[in-house]
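*Asks:*
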Amino acid sequence: MSDLPFTLDQLRILKAIAAEGSFKRAADSLYVSQPAVSLQVQNLERQLDVPLFDRGGRRAQLTEAGHLLLNYGEKILTLCQETCRALEDLQNLQGGTLIIGASQTTGTYLLPRMIGMFRQKYPDVAVQLHVHSTRRTSWSVANGQIDLAIIGGEISPELQDSLEIIPYAEDELALILPIMHPLAKEEVVQKDALYRLQFIALDSQSTIRKVIDQVLTRSGIETRRLKIEMELNSIEAIKNAVQSGLGAAFVSISAIEKELQMGVLHRARIDDVVVKRMLSVIINPNRYRSKAAEAFCKEILPKFASYTADLQSYTLGHPETVQSISLDHTLVVPDIDS
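Taking this note's numbering, I'd label the letters of the sequence shown as residues -5 to 332.
This is the structure in structure tokens:
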């Protein structure tokens, strides 16, 4: 073939239809008319001389040829995006895009603050934050859809050889209690006392709950003996429930900075037990790394690693010191694409 039998626009349309499940929704997402989408697909099928969709059902289903073209098409489109971003880098951080991934807790409580600091220094760089499970985030880094990510869960074994996994900072899981709870008056809580508490936790099938259970088990706490009184679907809901006196919970220390500062939650110390997990930065060493990504890694990540360590040290028993160690900058949080 002397000429390619498809265009980049046709690949974008194919990808949109596969993602949306219908020609109409794909047209809406691309801001074009449905007849225009249908015509492009017909032209593409004629040029390739193969059907790309099974048109019998209500949902647009790809044929085997359609799946094959989509697989290669996503790689082509990702490479095109990398090319555009490499060219934008020639402007020396006067534009371009930085795409960061994160698992749920780090993406909700830590990354917006990091992005705020980065945007103050490089206001012309557009930043996107994608918050998903560790598994989905790590695959996005491997596929080149995300520049770098900070995650707290385990990386899939099939990805460990293709990603660079850099230990970043320890994240402590703190035991929080209502401020009027009897144990809140104790200097330390004995481990056996945990099994008499009523706990509030995330849904047992959630990725974060599984990570927390794994970390607790490694710390010598028998999770099967913990009495789960209530299961909720977000960290914010759990904090509010504990604050209302409904039970105790384990949450990341980064998630309760504001509540400790306000004095509405009590962070308890467990005798001879410190529950920590390692946060990691993941990148794909085989993909192009933009100047924006380099600047974020070199200038922002080190500051927050030390900040996280300070937060864990100072807030234990001294919630009034949280304000004094907060990073000295005004947060500017861009739109988050989750």
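Note that CB positions come from ideal geometry on N, CA and C, so glycine has one too.
(1) By Cβ distance, which residues of its chain are closer than 6 Å to isoleucine 93, with the 5 residues on each side in sequence left out?
(2) As a quick exercise: from Ala13, Leu38, Leu104, Leu157, pick the residue whose alpha carbon is nearest that of lysine 252.
(3) Work out the CA separation of aspartate 265 and serine 213 for me, nearest whole Å.
(4) In angstroms, rounded to a whole number, what distance separates the CA positions of aspartate 197 and isoleucine 276?
(5) Are aspartate -3 and glutamine 34 touching if we call contact CB-CB under 8 Å?
(6) What's the C-alpha gap between alanine 286 and leucine 177?
(7) Would glycine 147 and serine 97 qualify as a contact pair, given that the criterion is a beta-carbon distance under 8 Å?
(8) When you compare only the Cα positions, how much space is there between arginine 113 and glutamine 255?
(9) Between serine 246 and threonine 99, how many whole angstroms is the CB-CB distance? I'm expecting something under 8 Å.
(10) Is aspartate 322 helix, strand or coil when you go by DSSP?
(11) Could you round the C-beta distance between alanine 195 and isoleucine 222 to whole angstroms and report it? I think they count as a contact, below 8 Å.
(12) Is tyrosine 162 closer than 8 Å to isoleucine 144 when the C-beta atoms are compared?
(13) Does DSSP classify aspartate 165 as helix, strand or coil?
(14) Using CA coordinates, which residue listed in Ser132, Asp22, Glu164 is at the minimum distance from glutamate 152?
(15) From valine 31 to methionine 108, what distance separates their C-alpha atoms?
(16) Please classify phenylalanine 0: does DSSP put it in a helix, a strand, or coil?
(17) Measure the C-alpha to C-alpha separation of arginine 261 and glutamine 184 and round it to an integer number of angstroms.
(18) Threshold first: 4 residues or longer. Then list the alpha helix (DSSP H) segments lying entirely within the segment 12 to 36, N to C.
(19) For leucine 87 versus leucine 5, is the C-beta distance shorter than 8 Å?
(20) What does the Cβ neighbour count give for isoleucine 66, buried or exposed, with the cut at 16 atoms within 10 Å?
(21) With 16 as the cutoff for other CB atoms within 10 Å, does alanine 10 come out buried or exposed?
(22) Would you report the Cα separation of leucine 64 and leucine 8, rounded to the nearest angstrom?
(23) Am I right that lysine 270 and glutamate 164 are in contact with their C-beta atoms under 8 Å? What's the rounded C-beta distance?
(24) Grab me the residues of lysine 18's own chain with a C-beta within less than 7 Å of its C-beta, minus the 5 sequence neighbours each way, in chain order.
(25) Let me confirm a value: proline -1 is counted as buried when at least 16 other C-beta atoms fall within 10 Å, else exposed. Which label applies?
(26) Hey, phenylalanine 244 and leucine 169: beta-carbon distance below 8 Å or not?
(27) Taking the alpha carbon of serine 284 as the point to measure from, which residue in Tyr25, Leu24, Thr77 has its own alpha carbon closest?
(28) Rounded to whole angstroms, what is the Cα-Cα separation between asparagine 137 and alanine 242?
(29) I'd like the list of long-range same chain contacts for glutamate 158, defined as Cβ closer than 6 Å, with 5 residues on each side in sequence excluded.
(30) Please go through the same chain and pick out, in chain order, the residues whose beta-carbon is closer than 7 Å to the beta-carbon of glutamate 68, but skip the five residues on each side of it.
(31) Please classify methionine 111: is it buried, with 16 or more other beta-carbons within 10 angstroms of its beta-carbon, or exposed?
(32) Return the CA-CA distance between histidine 175 and arginine 263, expressed in angstroms with no decimal places.
*Replies:* Let me spell this out:
(1) Counting only Cβ-Cβ distances below 6 Å, and skipping sequence neighbours, we find Gln122, Ile140, Asp141.
(2) Leu104
(3) 12 Å
(4) Whole-angstrom Cα-Cα distance: 27 Å.
(5) The answer is no: Cβ separation not under 8 Å.
(6) 47 Å
(7) yes
(8) 26 Å
(9) 5 Å
(10) The predicted model places aspartate 322 with a pLDDT of 34, which falls under 50 and marks its position as unreliable; any figure quoted below should be read in that light. The answer is coil: DSSP assigns aspartate 322 none of H, G, I, E or B.
(11) Confirmed, about 5 Å.
(12) yes
(13) Correct three-state label for aspartate 165: strand.
(14) Closest in alpha carbon position to glutamate 152, among Ser132, Asp22, Glu164, is Ser132.
(15) 40 Å
(16) coil
(17) 14 Å
(18) 17 to 24
(19) no
(20) The sequence shown places tyrosine at residue 66, not isoleucine. Burial call: exposed.
(21) Buried: at least 16 other Cβ atoms inside 10 Å.
(22) 7 Å
(23) 5 Å
(24) Gln28
(25) exposed
(26) yes
(27) If you compare the alpha carbons of Tyr25, Leu24, Thr77 with that of serine 284, the shortest gap goes to Thr77.
(28) 40 Å
(29) Beyond the five residues adjoining it in sequence on each side, glutamate 158 comes within less than 6 Å, by CB distance, of Ile277, Pro279 in the same chain, given in chain order.
(30) Lys9
(31) Buried, by the Cβ-count rule.
(32) 14 Å
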